[in-house]
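This report concerns only the one structure given below.
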Ligand code: HEC
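Numbering (the working numbering), first residue to last: 2 to 72.
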């Protein structure tokens, strides 16, 4: 799911989108708490569209992808 959807923006294309594997960029995001991050993806957050454009993703999927991206 990351590769199919989130990687369109989170693999370095958008300067404001925290990149996969960039722990320094993810640290302050993770500090908000996982529930807040999942909520931000679901509702959309600044330049990120609602659901991160993944219409079939569930909250558990977002959580798993966030962990993947932040490592
Ligand atoms: C169309 C581009 C785009 C796509 C697709 C996208 N994102 Fe994002 N995402 C962004 C941008 C831009 C930001 C940074 C927003 C900001 O802080 O200015 C962001 C931020 C985030 C954040 C941090 C939110 C916060 O509260 O700091 C998370 C978590 C996230 N994205 C997860 C995902 C996941 C999971 C997917 C795939 C299901 C995804 N994104 C798909 C553009 C995208």
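Don't be surprised by glycine CBs; every beta carbon is placed ideally from N, CA and C.
- Beta-carbon to beta-carbon, residue 30 and residue 16 are separated by about 15 Å, too far to satisfy the 8 Å threshold.
- Here the alpha carbons of residue 13 and residue 35 stand approximately 22 Å from one another.
- Taking each of 58, 71, 2 in turn and checking the Cα distance to residue 40, the smallest one comes out for 58.
- Considering only 48, 5, 25, 42, the residue with the shortest C-alpha distance to residue 67 is 42.
- DSSP, read as helix, strand or coil, puts residue 49 in strand.
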